[in-house]
Each structure stands twice: as C-alpha cells, then as structure tokens.
Amino acid sequence: MTKNKILALKYRPQEFKDLIGQEVMSQTITNAIKLGKTPNAYLLTGIRGVGKTTTARLIAKALNCQKNSDEKIKCSSEKFCPTCEEIINSNHIDVLEVNGSDKTGIDDVRELIENSKYSPTSAKYKIYIIDEVHMLSKQAFNGLLKTLEEPPPSLKFILATTEVRKIPVTILSRCQRFDLKRVSVDKLCNHLKNISVKENGKISDDAIRLISRTSEGSVRDAISLLDRALISQSISENNLIEETDVREMLGLADRSKIISLFKEVLNGNEKEALKYLRELINDGIDAKIFLNDILEVLYLFSRRINLGPIEKDMTISEAEVKMVDEYSKNIDMQDIGLFWQLTIKTIDDLRIVGNENLTLEMYIMQLVHLKNIETKKEIYDHNIENNSNLKQKSLVGENIKEENLETNLSTQVKNQLKNTDQIKKNPIKNLSPEISKTKIEITSFQGLIDQANKEKEVELKFDLERNVKLVSFNRGKIDISFNEKLNQNFIKNLTEKLLLWTGERWIISLSKNNDAKSVYEQNMEKKSSKLEEFKKSDLALQIKEAFPDARIVDIQEENND
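Here our numbering is used: the first residue of the sequence shown is 1331, the next is one more, and so on.
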C-alpha cells in the first residue's frame, strides 16, 4: 500500500518532530499535553499545505496515545499503539473528522453537539477535527458557541482554516490559536533532498531549489511537484532531472532569458526583445506567470541599486547575480517605478484582452519606448544647456517649437501609461461606401438609446438604460461608469454598432465616477418627484376625500395621438 501512495501522503509527518518549519508551535503543544493544560478547542490557521490537518491528527494522537496511561505500552514511529494506528488510518471511532464545506448548516452542528454528549468509547478524549471551519454558516457558528466554551471534560475540538478572517470573533476568543508559517526555501530544499534520496530519484540541486521557490512555502505543493518530476525521470532512469526540465514541466520561463530580454529593453533594441519574448511564448510560458517573473526581476534590480550586491540568496543563481550586476548600471529607480506600474496594469489588461500574446508584445514595445523617452529627454535637456545663449536671441516662432517639443515629450510619457480611460480627441474614421450611405448623427445619449430601440437592439438598449451611468457624452467619445450587471461584451457590441450606424469609430472609456446615475434611475427619480408633487395638488386632495382608502401609486401622461 505504502509503495503506491503519492509522496505527499507517504511522507506525511507522524510525529511532532517530523513537522518542518513549525518547531515553536510543536514544542508549545507537546509541553501543554505533558503538563495536562490542554485547551477546550484548538484553532490552526495558515496557507494550504503547511500541515494544519496533519497537526490536528498529531494532537489527537498525542492526547489519546495509550502510553500516556500505561508506560509499558511502547508507541514510536517504528510501531504505533493500536489507538494511534487507527487515528493514522482515519478509522478511530472517537476521533471524527468533519469537512466544514459539507456540514455547513445549523442542523449538522446540532447533530454534532448531540453526539458530543456521549463519552468516548475506547480513547481518553472524543475529538472533533473540523477542517475548513470558515465555511460554516453564521447560525452554525452560533450553535457551537456554548459547547466550545464549556464542553464535557472528555471532549476536544480542533478547528482548521485557511481564512481565519471569516471566523467570528466570538469563536476565536474561545480557541487557542496557532498560526502555521510558510516554510522557508532552505528547509524545503533539505526536505525534498531527503525524500529524493529515499526514493532513489536523480534530481539536481537547482531543480530542487526551483521547486521549493515555486511552491511558495507550501510543503504539500513542493512534495507534489517533486513527485511529478520523479515520475517523469522514472521513464528514463539514467537521466538527471535538471532545472530546465522542471521549468518545462511547470511552464515557467528561464529567469536568465527574462533578464536577457530586459537587457535588450534597456538598450532600446525592440527586435531582439521581441525575439526573446517569442522564444518564451514558444516554450509555453503563461502570460500571468511571465509578468510576475518580470516583477521579480524588477525587484532584483531595485535591490541591487539600493542595497548593493546580492549575496547568499538561494532564490537566484550566481550567473543571474552577475547579469543583474552588469545590467543594473543602465537603469535607475525612476525607470523601475514606471516599469513596475506598467507591468501591474498589463496584468489587469489580461482580463480584458482575449489575445495574451498580443498583450505581451505590446507590453514589451511600451517598455522599450518608455526607456527611449527618458533618453530623448536627457538629449533634449543637454541641447538646451549647450544652446542657452542662442535661445535668448531666438525668434518667437522658434520658442513656440521648443514649447511644442516639451509638450510632446510629456504627452508621450503619459500616453505610455494611460489606463482604460483613454483620451482621443480625433477618433479614427473608417468609412466604406455602404456605411456612408446610411450614416446618421448621434448627438446625445438619449439619441443613442432611441437608435438602439429603432434598430431593435433590445439587449443593448436595456444595458444603456439600466446598467450604464453616463459621465460625459461628446461626438466620438463616451465616458461611462457601470454596475456589476452589465453584459461583459457591452463595450465591444456598442463600438461595433456605433461604427455601423455613424460610420465612425467611437472611444468608450470607463470612469470611476460613483455619483452618476443610469437613465432608468433618473426616470424613476423624476417619476417619484412628480408623484410627490401631485399628492400635494388640489386634485389629489379631492380624490382622497372622495376615496379615503385609495392610494396614488402612479401617474401617467395622456397621449393625445
């Protein structure tokens, strides 16, 4: 059975000393159990894969182990006592594991509380392990309060969660809380090396270090990735698993390639930068992972500039350190700040733009031009300094040119970092003979709604009236804000219809103006105010006198047509 187990289960810690990265917590819990000062309820928190459920089982074993009551009974990792063996196999009658995502309601908790009144069958304590406890409903939490505070002497609760903020404060105050930390890269590397030796796996130190970094402090994730790597190696036993194999397996970019790409960006070599990007795309790089790797490289550059040479860091190889040292001479913190903001914005753009490769290529081109703009500005400032005497004698026309150049430079910088609210005063026209014949003028937002109604675009009309809030309307450009019910293809549909109806391309920009109101909301407000006004009129008072029980709920204008 053990042979065929996945490594994450096979090497699951069976004693507190086997838990890696949680030494302080292990020591505290074992000391409390030895002294007999155990709480009514434990709360274990932390990210996925750091050992919350494992720790819960270890606590259950430590509390119910038979050697606590009989010193003659031996219990160790070589041979466990019958109680510990049953807990390991998850079939002990007094240790019940409950999944909080399944048992979310008050009825489930009520049943649990009813069963908790009975004494344990064979063990010293009856223990309830509730995993993902944050999934319980508010009523279920309230039902647990009294039992958690004053449980029977032989009852213990162990709660585990990844989202402690979702648990009510009243529950937190009744539990002894332990926060399980992310495991450091060094400790994960040592742990994975030990496992690979036991499994007779041939894997390089660089590959193990990459797996440890990728797992982000989660032991389970690290062991699962190692398992995948060793399975791929078992097909050809003589091969050593290298870092490149792991990168290929995980779809990660080679960081040295990213740094080389960055060097071409800093040198303003757009063709070479795009060549590196296409190589990475062909290797199967994920766009979001690539951009996060760029952020990591930017961090390394800023660290090198501000804190000096990078030393004794297991997350980066010596070759990469040399590359960062060499290329950091061509960049300053102002550039890094701009690049960082543009990268964050591009990560957001990936949710909107369908073609990821196109987004990445545009991103690289923008990076190159951002760097070039700074260089142009330096040359421009240098020319101003050298020709200061000539400028004093310059004609009015020349002064105007100089002013325009400065304005263009600042505008270029702004355009490189512009967000969804794009400003475009002269929209591109794309007229065809068919479109130009049927071209119509749309001069107001209401005119746009009327046109949608005329063309029987029901969905578009509904969105314009109910889900869109107009901020400003100009010919060729509409600024809007919207609610969460807006159709996800709204902007695409609207721009296509506007091009079809008017023969011009329109800019639809998104605004964060929360004060704007939709047409439907405005109409309802007008209707409400008219109704209130009418209620105060003489006619309304006469109606009220004639029909005391009547209520005026609506008024409609008479259509003479």
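From the three backbone atoms N, C-alpha and C, an ideal C-beta is built for every residue, glycine too.
Alpha carbon to alpha carbon, how far is residue j from residue i? Give it in angstroms, no decimals.
| i | j | result |
| --- | --- | --- |
| K1807 | I1837 | 5 Å |
| K1486 | A1386 | 11 Å |
| Q1742 | F1620 | Caution applies to Q1742, whose pLDDT of 37 falls short of 50 and renders its modelled position unreliable; the model cannot decide the point. |
| V1883 | L1861 | 8 Å |
| A1559 | C1519 | 14 Å |
| F1812 | R1440 | 44 Å |
| G1351 | K1618 | 29 Å |
| E1795 | F1803 | 15 Å |
| N1674 | T1451 | Per the sequence shown, residue 1674 should be read as Ile rather than Asn. About 57 Å. |
| L1830 | S1839 | 19 Å |
| K1857 | E1863 | 10 Å |
| D1679 | T1689 | 8 Å |
| K1874 | A1880 | 7 Å |
| K1382 | Y1372 | 11 Å |
| K1786 | M1695 | 42 Å |
| N1853 | E1594 | 57 Å |
| S1449 | S1484 | 7 Å |
| G1614 | E1578 | 8 Å |
| T1544 | H1422 | 36 Å |
| G1598 | E1834 | 36 Å |
| K1707 | L1700 | With a pLDDT of only 48 at K1707, under 50, the local geometry of the prediction cannot be trusted, and the value read off the model is given with reservation. For K1707 and L1700, the distance between alpha carbons rounds to 11 Å. |
| E1415 | N1636 | 55 Å |
| S1974 | L1607 | Nothing can be reported for residue 1974, as the shown portion of the chain is limited to 1331 through 1891. |
| T1676 | L1625 | 11 Å |
Kindly indicate the opening and closing residues of the alpha helix (DSSP H) around residue i.
| i | result |
| --- | --- |
| E1789 | 1788-1792 |
| N1823 | 1820-1832 |
| R1835 | Premise fails: R1835 is in no alpha helix (DSSP H) and is neither H nor E. |
| L1871 | 1868-1876 |
| I1525 | 1515-1528 |
| F1592 | 1585-1597 |
| T1500 | 1499-1502 |
| D1536 | 1535-1544 |
Once the 5 residues before and after residue i are set aside, which same chain residues still bring their CB inside 7 Å of it?
| i | result |
| --- | --- |
| T1832 | K1769, I1770, I1772 |
| L1800 | F1775, I1810, A1846 |
| E1650 | R1585, S1586, I1589 |
Hey, is residue i close to the ligand MN, as in C-beta under 6 Å from one of its heavy atoms?
| i | result |
| --- | --- |
| I1377 | This structure does not include the ligand MN; it has no bound ligands of any sort. |
Please identify the residue among the options whose C-alpha is closest to the C-alpha of residue i.
| i | options | result |
| --- | --- | --- |
| I1488 | K1447, N1421, L1393 | L1393 |
| N1361 | L1830, E1415, K1447, I1389 | I1389 |
| L1604 | Y1693, T1676, L1668, I1553 | Y1693 |
| K1397 | N1419, K1454, S1431 | K1454 |
| K1532 | I1501, F1346, L1570, I1541 | L1570 |
| Q1469 | E1416, A1846, E1834, T1500 | T1500 |
| Q1664 | K1675, L1688, L1628, L1637 | L1628 |
| S1848 | Q1886, L1637, D1809 | D1809 |
| S1542 | V1576, Q1872, L1591, K1675 | V1576 |
| N1687 | L1580, Q1671, L1610 | L1610 |
| K1659 | L1630, N1813, Q1671, D1678 | L1630 |
| A1782 | K1827, N1804, R1805, F1803 | K1827 |
| R1378 | T1492, R1681, F1346 | T1492 |
| E1691 | K1601, G1366, K1593 | K1601 |
| S1548 | R1835, Q1872, L1349 | L1349 |
| I1661 | N1853, F1592, V1683 | F1592 |
| E1529 | E1462, P1369, R1550, I1561 | I1561 |
| L1522 | E1546, I1553, R1504 | I1553 |
| P1343 | E1656, T1384, Q1872, T1368 | T1384 |
| L1824 | K1784, N1599, D1868, L1778 | L1778 |
| L1596 | D1616, L1580, L1555, Y1657 | Y1657 |
Keeping to the same chain, check which residues put their C-beta closer than 6 Å to that of residue i; ignore five residues upstream and five downstream.
| i | result |
| --- | --- |
| I1457 | A1390, V1425, K1486 |
| K1815 | N1797 |
| F1508 | M1355, L1374 |
| Y1710 | Annotation note: pLDDT 46 at Y1710 (below 50); position unreliable, no value reported. |
| V1654 | L1630, R1634 |
| D1551 | G1379, S1545 |
How is the beta strand (DSSP E) around residue i delimited, first residue to last?
| i | result |
| --- | --- |
| F1346 | Taken as a continuous stretch (DSSP letters only), F1346 belongs to no beta strand (DSSP E), as it is neither H nor E. |
| Y1458 | 1456-1461 |
| I1674 | Not the beta strand (DSSP E): I1674 falls in the alpha helix (DSSP H), residues 1663-1679. |
| K1799 | 1798-1804 |
| S1811 | 1807-1812 |
| D1400 | Here D1400 belongs to no beta strand (DSSP E), and DSSP marks it neither H nor E. |
Identify, in the order they occur along the chain, each residue of the same chain with its Cβ nearer than 8 Å to the Cβ of residue i, setting aside the five sequence neighbours on each side.
| i | result |
| --- | --- |
| I1403 | Q1396, K1397, C1411 |
| S1467 | T1434, G1435, I1436 |
| A1537 | A1559, I1571, E1572, E1573, D1575, V1576 |
| S1859 | none |
| S1718 | The pLDDT assigned to S1718 is 49, lower than 50, so where the model puts this residue is not dependable; a value taken from the coordinates is nonetheless given after this. Contacts found: none. |
Inter-stretch contact (C-beta, 8 Å, three-pair minimum) for the stretch 1347-1367 and the stretch 1428-1437 = no
task = Count the C-beta pairs between the stretch 1511-1522 and the stretch 1475-1485 that are closer than 8 Å, then say yes if the count reaches three, no if not.
result = no
ask   = Does the stretch 1813-1831 touch the stretch 1786-1797, meaning 3 or more C-beta pairs lie closer than 8 Å?
value = yes
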